[in-house]
Amino acid sequence: MDLKICGEKLFNLIREESARESIPSVSPSTGKFLEMLACLTGARNIVEVGCANGYATGYLVNAAVRNNGRVTAFEKDARRFEMISQNMAPFIANGVLEVISGDAVERLKESAASFSAVDFLFIDAMKRQYREILESFLPFLKKGAVVFSDDIYFQGVLEPEKTLGRHKSIVEGLRRYLDYLKELEMKGAVRNYFFGYEDGMSVTQIL
Ligand SMILES: C[S@@+](CC[C@H](N)C(=O)[O-])C[C@H]1O[C@@H](n2cnc3c(N)ncnc32)[C@H](O)[C@@H]1O
């Protein structure tokens with residue numbers, strides 16, 4: 122496939138794969154919202170942590186193409202890494218996308234010296250790790266950069282303790298992350314916007 126941007130046909134193929142493989146990809150409207158945000162903020166160096174088989178990545182790639190930029194996407198699951206490598210092959214071949222296999226925090230530590238300043242960070246990884254991920258990427262985020270975090274109100278985050286059940290540790294991780302975002306805002310380091318749409322999302326601007 123020789124493609125300039127990711128179009129409906131490829132999005133549909135990846136979405137069908139996500140359904141078959143039980144991969145929790147973002148919805149089409151969240152994907153379009155991501156693309157719009159990255160595009161309108163002029164983001165050129167875009168990073169995704171937790172790209173799975175590449176559904177959301179396609180939207181970020183489209184923003185990067187329009188802004189003459191590039192996307193670096195991290196995926197720690199070997200099988201999903203193979204899937205995105207196949208699904209996004211044309212964009213990897215033309216240099217718009219680099220997919221890095223492994224845990225994003227670990228890989229960032231190893232390659233910190235060669236990692237350049239980031240304009241747009243999309244976090245959609247293990248919920249317990251959100252805080253650690255933002256802490257690791259914070260030194261690489263430019264002033265004005267945007268951080269989009271998905272699923273911040275995942276099942277139970279806004280509910281009383283006793284109803285949490287099996288999602289307890291995920292919810293605790295997300296609460297730690299929300300506290301961290303608010304702490305950074307209190308210090309004047311960021312400005313946060315929280316949305317209750319779907320499983321919740323936050324948009325954080327680095328000040
Ligand atoms: C919700 S899925 C991502 C869906 C994808 N963003 C989309 O919307 O199409 C989360 C993915 O993050 C990966 N992941 C979790 N923690 C990670 C980490 N620390 N580094 C890299 N990948 C991670 C998981 O293996 C999983 O495939």
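Residue numbers for the sequence shown follow our numbering, so the first one is 122 and each next one is one higher. All C-beta atoms, glycine included, are put in the ideal place defined by N, C-alpha and C.
Pick from I144, M307, E306, F275: whose alpha carbon is nearest that of G294?
Within the sequence shown, numbered from 1, the residue matching residue 294 stands at position 173. It is F275 whose Cα lies nearest to the Cα of G294.
Can you give the Cα-Cα distance for D272 and M307, rounded to whole angstroms?
Taking the first residue of the sequence shown as 1, we reach residue 272 at position 151. Taking the first residue of the sequence shown as 1, we reach residue 307 at position 186. Between D272 and M307, the C-alpha separation is close to 22 Å.
Neighbour-count burial assignment, F132, 16 or more Cβ in a 10 Å radius
Position 11 of the sequence shown, counted from the first residue, corresponds to residue 132. Buried, because 16 or more other Cβ atoms sit within 10 Å of the Cβ of F132.
For N174 versus E227, is the C-beta spacing smaller than 7 Å?
Position 53 of the sequence shown, counted from the start, is the residue given in the question as residue 174. Position 106 of the sequence shown, counted from the start, is the residue given in the question as residue 227. No, they are not a contact pair.
Just jot down, in chain order, the residues whose CB lies closer than 6 Å to any heavy atom of ligand 1.
P145, S146, V147, V170, G171, C172, A173, Y176, A177, F195, E196, K197, D198, R201, D224, A225, V226, D245, A246, M247, Q250
Distance, S222 Cα to F195 Cα
As a first step, residue 195 must be located in the sequence shown, where it is residue number 74. As a first step, residue 222 must be located in the sequence shown, where it is residue number 101. One C-alpha to the other measures close to 6 Å.
For I221, which of helix, strand or coil comes out of DSSP?
As a position in the sequence shown, residue 221 is number 100, starting the count at 1. Correct three-state label for I221: strand.
What are the boundary residues of the beta strand (DSSP E) that includes I167?
Taking the sequence shown and counting its residues from 1, the one referred to as residue 167 is at position 46. It spans 166-170 - the beta strand (DSSP E) in which I167 sits, taken as one unbroken run.
Using a Cβ distance threshold of 8 Å, determine whether the stretch 246-256 contacts the stretch 202-213, with at least three qualifying pairs required.
no
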